[in-house]
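Below you'll find the structure, written out as structure tokens, and then a few comments.
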Amino acid sequence: DAGVIQSPRHEVTEMGQEVTLRCKPISGHNSLFWYRQTMMRGLELLIYFNNNVPIDDSGMPEDRFSAKMPNASFSTLKIQPSEPRDSAVYFCASSSLSGRVDEQFFGPGTRLTVL
Amino acid sequence: RKEVEQDPGPFNVPEGATVAFNCTYSNSASQSFFWYRQDCRKEPKLLMSVYSSGNEDGRFTAQLNRASQYISLLIRDSKLSDSATYLCVVNYGQNFVFGPGTRLSVLP
Chain B
882 DAGVIQSPRH
892 EVTEMGQEVT
902 LRCKPISGHN
912 SLFWYRQTMM
922 RGLELLIYFN
932 NNVPIDDSGM
942 PEDRFSAKMP
952 NASFSTLKIQ
962 PSEPRDSAVY
972 FCASSSLSGR
982 VDEQFFGPGT
992 RLTVL
Chain V
1352 RKEVEQDPGP
1362 FNVPEGATVA
1372 FNCTYSNSAS
1382 QSFFWYRQDC
1392 RKEPKLLMSV
1402 YSSGNEDGRF
1412 TAQLNRASQY
1422 ISLLIRDSKL
1432 SDSATYLCVV
1442 NYGQNFVFGP
1452 GTRLSVLP
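One line per chain: the protein sequences are B and V, in this order. Per the numbering used here, the very first residue in the first sequence carries number 882; after that it's consecutive. Per the numbering used here, the very first residue in the second sequence carries number 1352; after that it's consecutive.
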């Protein structure tokens, strides 16, 4: 079975550019989570969706970040404009039970570098 | 104070050693607790849940102390393949917080 799929796996961009990260959750899972991981701050939850609806976006750092889930099989996290401090690994995870962390399966992550 | 704190590490131990990690949490309303493992440059993966009565899975033992608000993970007879970062996770309601992780290196 395919796990959570993320693309791209690596992204290098220049400050000010728009960045779009993509995620395909495991089929049948109804919750989707976006995380950011850095050495300084560890793993932080940015936003999560239940049944395609954003439930908690309090972790989104600022207005430059936006996330969408137009259907059950696809989500995007967009950063516009990007800044060097956005450099991190961004993980997407999906779950079959609403909000339960032990059911979460993580994708391989997107390593973002903003120059 | 951070919501979830862990031993800073790194822990460097020889093969066969027993090693223990602690994790403290600040929210007394926390309901569920877990240990995740993250290999270098990989995604986190669930290692085990932590039950109130304590639970064991092979060489791994997890314990919860609600009164003192900490959880622990004990690894016996450590293997080279146990080298990873161990993240504790605390869940309350629909909120969940990952600890910063403790890095373990098992040396030959």
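Quick reminder that beta carbons are idealized off the backbone N, C-alpha and C, glycines included. Computed from a predicted model, the values in this text were never measured in an experiment.
- For B/Ala-883, the closest C-alpha among the options B/Ser-975, B/Ala-969 and B/Met-896 is that of B/Ser-975.
- Annotated three-state conformation of V/Ser-1432 is helix, per DSSP.
- Here V/Glu-1356 carries a strand assignment [DSSP, helix/strand/coil].
- Contacts with chain B at 8 Å (Cβ-Cβ) include V/Lys-1396.
- Using beta-carbon distances, V/Gly-1452 counts as an interface residue toward chain B, with a partner under 8 Å.
- Neighbours of B/Gly-909 in chain V, taken as residues at a C-beta separation under 8 Å, are lacking, since the least C-beta distance is about 18 Å.
- Taking every protein chain shown into account, the CB of V/Cys-1391 has fewer than 16 other CB atoms within 10 angstroms, so this residue is exposed.
- DSSP places B/Val-900 inside the beta strand (DSSP E), whose first and last residues are 900 to 905.
- In the DSSP assignment, B/Lys-949 falls within the beta strand (DSSP E) that extends over 946 to 952.
- Here B/His-891 has Arg-992 as same chain residues with Cβ atoms under 6 Å from its own Cβ, once five neighbours each way along the sequence are excluded.
- DSSP, read as helix, strand or coil, puts B/Asp-967 in helix.
- DSSP places B/Val-885 outside any beta strand (DSSP E), giving it a letter other than H or E.
- By the neighbour-count criterion, in which 16 or more other beta carbons inside 10 Å mark a residue as buried, B/Val-995 falls on the buried side.
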